[in-house]
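So the structure is just underneath, and the comments pick up after that.
Rendered as structure tokens:
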């Protein structure tokens, strides 16, 4: 179908009166305009680099000639960015081939053809590819920020706690890590005390980078199991300074990237599925469906947009994701919702970029490069469990990379860099395990743990065994845990069984660790504990012209009201009417105390709506806004336009008051899953939630109509012309009826005898 | 380091780079800009399993299997991520315990004395064997301090090779200047400049020629003014480079040839050339 549409001579579209109304505004096809950009979408040469619809195979295969060469030459990396399935498996191979190298001259011909394509560049490649292969040389205007990251960031003054600069709002998030700083000072000692103190471990402390790995297994209320991996690499070095850098545990690719582009904080999450907050409770770290990327740049970065573009392209290369689709139409600069999670002096939100690609499909080819960033790869430690075929056989999969600067020690005079790689996966063991809620590591991952990553300073498995419904000891874990850890996580008291993989006693009895959890008696299906804050969002309205986006935010806290920051990013083809924005709580209108709205520009930027809303205790707040669906140009439709268009999740950030008073916990000691978001004080905790992505149908012209017309016309012509031609050319002559053969006459004689009419 | 469980390898790369590599690169800074990074990869694997040799009770890697060694390592290097410039990789491979000692064999089957090899335009790999501990009860991981002098000797030699500075057979009556501390004599630098200038000029001429051929073949490519000016500049720089070369000003000749190359490349790879290239003729 897509083939038909793209290849259509556009005159054919105009012919049909039926869709004339729909087609007219679609205007000229992009193809006919050739070089100069027809669309007012500010098409810079940059967007040539990322050929549209790379992932959608329908289009790609239909016009290989147009796409391939461009991809080969302009792909931001050396590897020609192929379709997803191809790259994951032999991306490395392709890279190798492209590099050529005279050692493997024979292979280069194939790769060269792929890169040059279409025979055009073939003629010029005669000169024996002196560079490292065709594609490696063929990038236009090799972008590279200078290494000398000029004066470097000023040393962070002792971080100011509190007071988000979004003026009218109350303090929403405390943007730094004072408790953490206090904790780090103790780390040297604690590292040694942690276990198996040997000369090697002591030396590792001196090397100033440390890896901690951790797996949190928590049974969810409805019987599923969530597994959260966290790998934290802390590196006591300043990425922004120093031309020569020596990497040990920190992955070089990301380090170089952050240094070259002046990245201060980078948060990338690739997610498949949706975390059902209502049924599963508060996630340790939620991410919206698809790909989410938000980055704080250093103040020294002059052209943030350019750096952002470059960064997203490089990241798409590193993670084999289509992050190169991030452009100005889906990038926003939120003013209040996203604060730096690490060390920061001053939050100038012009240095922030945020983008979500809700359509992105996450699969193994994104997992493999993610695993490669781990120092131990997937060869040792917790990462052996990361087996793609199990991980993606789950109802929720989210992998993320967070880079942020943190204080090196208590005095906070120097900066360390922290890389957190997290992976959350929800196994539907309940439904696939014959209704039993028991699980084990082997059942979920089809692997067991055999050792810790030898490079890790800490390697622990936490199992959430917190008693539910005030009943004790409903479940038991085997083998016996090394210790039990109690913590208050997200306003809830939790008990964790801890397995320290570094303690030698754990592997003494058996070679491997297979954590099992059994319920002692079938758990009565009691009411699910609803989380304090959750939200849901949907599109309402009928017809294809107007519609309404409704967001319901629930505050189930019995007696505390709290504010929540809502961030909506709506693509430009839904024209929001801000005057229809209504916020209703308990039947009354609720005036937001802070609104930031940035209207969309067609094909240039999306709507951005940020609101600070006060949620009264135990209430439901309904936010509705109406929109009109815009007509797209006919080339702007996806290959499957009737599938609908995605609207990315809206983001809710809130400091949720805790029911239980929280202690001021030691960040460095506490398990990793608690420490990404800084907690401000004992009475509340930070939560960031994402709502469902929306799928909106846009008025779609009948793309198959020209094809139908052609078919019908051809049929009519064939039938009419054929029969007419037949009539004209065929000669008719009357055929004498034959008297029949001997047998027939004989039969008739017999029939006459019998008195039966003859044949 | 494929086996962090049994070897804790430490190398003083910072000092080594400062002491050995930097002087060479300073000297070569005329030719190109260099930046040096290092990283340690754990659980890196060789693409091939080495063959066990009973006579010497060691493992052998034969010459024809060497190309397969690079691939799996390359995938994890991540050197192409943030920069688009060619990267030379120098790898020190500490074989895992079950495979050591590991020696590289050349084509004739004799072990290579440096235990290293290089691949043109990619870099070099050196295998660094760790002596087995005297007593098998020695605690793992075994701490290993890499002898950087030995490593750097090999790497610098490889670097010279990769830059095309091979040891030439010099007529015996020539008096050779000692390479000095930089490991690179002045005359060698001169030769390098010569070679690169000539190569650059050749590159420029082939690029421009193929651009012209392309234009002859495909008529509907539009050459914009800026592309044209790039072409003119390339030609002018190439000519000036030749003139400088004739008078013997190596450095300015080299600069001019570099400019010529960049502008000719820019002209050839200008995206505006592509715009109409894939436009089908029948529409």
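Residue numbers (the numbering used here), protein chains in the order written: chain G, 872 to 1630; chain Y, 2 to 284.
Think of the CB as a built atom: it goes at the ideal place given N, C-alpha and C, for glycine as much as any other residue.
All figures in this text were calculated on a predicted structure; none of them were measured in a lab.
Euclidean distance between Cα positions of residue i and residue j
| i | j | result |
| --- | --- | --- |
| residue 1462(G) | residue 1454(G) | 7 Å |
| residue 1369(G) | residue 42(Y) | 30 Å |
| residue 146(Y) | residue 10(Y) | 6 Å |
| residue 263(Y) | residue 198(Y) | 13 Å |
| residue 1501(G) | residue 1227(G) | 21 Å |
| residue 190(Y) | residue 27(Y) | 12 Å |
| residue 1229(G) | residue 17(Y) | 48 Å |
| residue 1424(G) | residue 1521(G) | 11 Å |
| residue 1291(G) | residue 1102(G) | 6 Å |
| residue 1199(G) | residue 1177(G) | 11 Å |
| residue 25(Y) | residue 1220(G) | 44 Å |
| residue 1088(G) | residue 1504(G) | 48 Å |
| residue 229(Y) | residue 20(Y) | 46 Å |
| residue 1150(G) | residue 1093(G) | 7 Å |
| residue 47(Y) | residue 1238(G) | 22 Å |
| residue 901(G) | residue 1506(G) | For residue 901(G), the predicted model reports a pLDDT of 34, less than 50, meaning its position is unreliable; a value from the coordinates is still stated below. Going by the C-alpha atoms only, they are around 7 Å apart. |
Given residue i as reference, the closest of the options once Cα atoms are compared
| i | options | result |
| --- | --- | --- |
| residue 274(Y) | 251(Y), 266(Y), 223(Y), 265(Y) | 223(Y) |
| residue 1478(G) | 1485(G), 1484(G), 1465(G), 1496(G) | 1496(G) |
| residue 1123(G) | 40(Y), 22(Y), 29(Y), 25(Y) | 40(Y) |
| residue 1280(G) | 1106(G), 1099(G), 1195(G) | 1106(G) |
| residue 1137(G) | 1350(G), 1168(G), 1127(G) | 1168(G) |
| residue 255(Y) | 242(Y), 47(Y), 55(Y) | 242(Y) |
| residue 1559(G) | 1179(G), 1625(G), 1249(G), 1402(G) | 1402(G) |
| residue 1315(G) | 1356(G), 1347(G), 1386(G), 1514(G) | 1386(G) |
| residue 124(Y) | 246(Y), 103(Y), 88(Y) | 88(Y) |
| residue 1172(G) | 1143(G), 1135(G), 1202(G) | 1135(G) |
| residue 1440(G) | 1324(G), 1140(G), 1523(G) | 1523(G) |
| residue 115(Y) | 200(Y), 156(Y), 237(Y) | 156(Y) |
| residue 1494(G) | 1277(G), 1413(G), 1408(G) | 1408(G) |
Own chain residues within Cβ distance below 8 Å of residue i, not counting five before or after
| i | result |
| --- | --- |
| residue 1488(G) | 1426, 1428, 1429, 1430, 1431, 1432 |
| residue 1614(G) | none |
Sequence-distant residues of its chain with Cβ nearer than 6 Å to residue i (five each side left out)
| i | result |
| --- | --- |
| residue 1457(G) | 1490 |
| residue 93(Y) | 127, 129, 152 |
| residue 1516(G) | 1567, 1569 |
| residue 1299(G) | 1095, 1266 |
Residue interval of the alpha helix (DSSP H) (run including residue i)
| i | result |
| --- | --- |
| residue 1259(G) | 1259-1262 |
| residue 1228(G) | Segment 1223-1228 is the beta strand (DSSP E) holding residue 1228(G); no alpha helix (DSSP H) there. |
| residue 1318(G) | Counting along the chain, residue 1318(G) falls outside any alpha helix (DSSP H), and DSSP gives it neither H nor E. |
| residue 1151(G) | 1148-1151 |
| residue 1190(G) | 1175-1190 |
| residue 158(Y) | 149-163 |
Own chain partners of residue i with C-beta closer than 7 Å, once the 5 adjacent residues on each side are dropped
| i | result |
| --- | --- |
| residue 1209(G) | 1165, 1223, 1225 |
| residue 976(G) | Here residue 976(G) scores only 38 on pLDDT, less than 50, and its place in the model should not be relied on; the value that follows carries that caveat. Nothing meets the Cβ criterion. |
| residue 234(Y) | 264 |
| residue 269(Y) | 208, 212 |
| residue 90(Y) | 78, 80, 123, 124 |
Residues that residue i contacts on chain Y, provided the C-beta gap is smaller than 7 Å
| i | result |
| --- | --- |
| residue 1247(G) | 43, 44 |
Within chain G, the residues that residue i reaches when beta carbons sit closer than 7 Å
| i | result |
| --- | --- |
| residue 77(Y) | 1243 |
| residue 14(Y) | 1117 |
Under 8 Å by beta carbon: chain G residues contacting residue i
| i | result |
| --- | --- |
| residue 260(Y) | Near residue 260(Y) there are no residues of chain G at all, since even the closest Cβ is about 15 Å away, more than 8 Å. |
Within chain Y, partners of residue i - CB distance below 8 Å
| i | result |
| --- | --- |
| residue 1118(G) | 38, 39, 40, 41 |
| residue 1258(G) | By Cβ distance, chain Y contributes nothing, its closest Cβ being about 16 Å from residue 1258(G), past 8 Å. |
| residue 1180(G) | Those do not exist, as residue 1180(G) stays about 14 Å from chain Y at its closest Cβ, beyond 8 Å. |
Span of the beta strand (DSSP E) around residue i
| i | result |
| --- | --- |
| residue 1493(G) | 1490-1500 |
| residue 1407(G) | 1404-1411 |
| residue 1526(G) | 1522-1528 |
| residue 1469(G) | 1465-1469 |
| residue 1107(G) | Looking at the DSSP string, residue 1107(G) is not in any beta strand (DSSP E), and its letter there is neither H nor E. |
| residue 1437(G) | 1433-1441 |
| residue 1140(G) | 1134-1143 |
| residue 1453(G) | 1445-1456 |
| residue 1480(G) | 1478-1486 |
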